[in-house]
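Engineer: Residue numbers (my numbering): 55 to 143.
Handing you a structure now.
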């Protein structure tokens with residue numbers, strides 16, 4: 055990803071949909087398929103694809119090719135924890 059056009063991780067987390075995806079994955083860890091995420095979150099397919107691409111690029115989430123499932127990384131779990139702390143304060 056070109057650093058000049060890359061979106062900073064915090065910037066993508068300002069989008070409510072990206073936060074929604076992270077919280078959803080936390081609730082449904084360890085693994086979620088794209089079909090299930092699409093059905094449960096009721097997000098536009100292209101918007102969800104864009105969010106997932108960015109979350110993968112910044113290693114908030116990972117994708118298992120073997121199982122075709124997404125899950126949070128350690129960094130992603132730490133980000134969800136930070137978001138919880140921000141919402142409490």
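Here a beta-carbon is modelled for each residue, glycine too, at the ideal position from N, C-alpha and C.
The structure displayed is predicted, hence computed values, not measured ones.
Just tell me which of 98, 88, 138 has its CA closest to the CA of residue 71.
Structural biologist: 98
Engineer: Closer than 8 Å is the cut-off here; do at least three beta carbon pairs connect the region 126–139 with the region 88–102?
Structural biologist: no
Engineer: By the DSSP assignment, the alpha helix (DSSP H) with residue 97 in it spans what residues?
Structural biologist: Segment: none, residue 97 is in no alpha helix (DSSP H) and carries neither H nor E.
Engineer: Determine the direct distance from the alpha carbon of residue 140 to that of residue 107, and round the result to whole angstroms.
Structural biologist: 25 Å
Engineer: Hey, how far is the Cα of residue 92 from the Cα of residue 137?
Structural biologist: 22 Å
Engineer: Verify whether the separation of the beta carbon atoms of residue 115 and residue 79 is less than 8 Å.
Structural biologist: yes
Engineer: State the DSSP-derived secondary structure class of residue 113, mapped to helix, strand or coil.
Structural biologist: Residue 113: coil per DSSP, three-state reduction.
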